[in-house]
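Visitor: I am attaching a structure below and will ask some questions about it afterwards.
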Amino acid sequence: MYFNIKPLALLAVTALAPLADALRYDGYSSTVACSGPSFFCNDNGGVCCSLPTGFGFSVQFADLPAGTQGQGYTGNTCGSFLFSVFGPGTRCWNGGGARATHMNWFHSPQGGRRDVIASRADNSTCGPSGFTYHDDSGVARSIKVPLGEAEAIVESYTKKDFAKLASYETY
């Protein structure tokens, strides 16, 4: 079967296609590079993801599509801008000691985060989706982070309470 599609029609069809699916972005405790244990968020963009104490010294956005950007913030919300990285590709930001307390990503043509979620006047945040770490045997694990439990997970990890961490649902 042969289709004769005009260039304008093809452009209209591709413009309706979604720009990106959910994207994973991680906040690490490492001050040198995007490595080691991390809390991550996995969403469709425009969400302000908060990081627990001790994480966000480096931040990685995996497979940012072209026309998107990842951003980091300081303070209590995604209000005090710290950095941005641009797609396409995987991008790691390292603050050299500075810490991002919050992170997000969005489609650049839509404008800044303030434009993407202007309807959320309270500038509310969400917690991380998961936590990735190596257990006492050196095995990489990812667990789901229940809402409000990120700091408890940090405490368990710091105490090397791998039995407690293993009690969380696997991501």
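Numbering (mature numbering (1 follows the signal peptide of the UniProt record, and there is no 0)), first residue to last: -22 to -1, 1 to 149.
Beta carbons: idealized from backbone N, C-alpha and C, even for Gly.
Note that the structure is predicted; figures quoted are calculated from it, not measured.
1. Cα separation between Thr31 and Ser107?
2. Cα-Cα, which of Pro66, Phe33, Ser16 and Tyr146 is closest to Gly45?
3. Just reading off the alpha helix (DSSP H) that Lys142 is part of, what are its end residues?
4. Whole angstroms is fine: what's the gap from Val132's alpha carbon to Cys26's?
5. In the DSSP assignment, what residue or residues form a beta bridge with Val132?
6. Is it buried or exposed for Pro124, if we count other Cβ within 10 angstroms and need 16 for buried?
7. Tell me Leu42's beta-bridge partners as DSSP assigns them.
8. Whole angstroms are fine: how far does the CA of Phe33 sit from the CA of Asp113?
Guide: The answer reads as follows:
1. Whole-angstrom Cα-Cα distance: 16 Å.
2. For the residues Pro66, Phe33, Ser16 and Tyr146, the minimum Cα distance to Gly45 belongs to Pro66.
3. In the DSSP annotation of this structure, the continuous segment of the alpha helix (DSSP H) that includes Lys142 starts and ends at Phe140 to Ala144.
4. Taking the straight line joining both Cα atoms gives about 20 Å.
5. According to the DSSP secondary-structure assignment, Val132 is paired through a beta bridge with no residue.
6. So Pro124 counts as exposed.
7. Beta-bridge pairing by DSSP links Leu42 to Gly67.
8. Distance between Asp113 and Phe33, taken at the CA atoms: about 18 Å.
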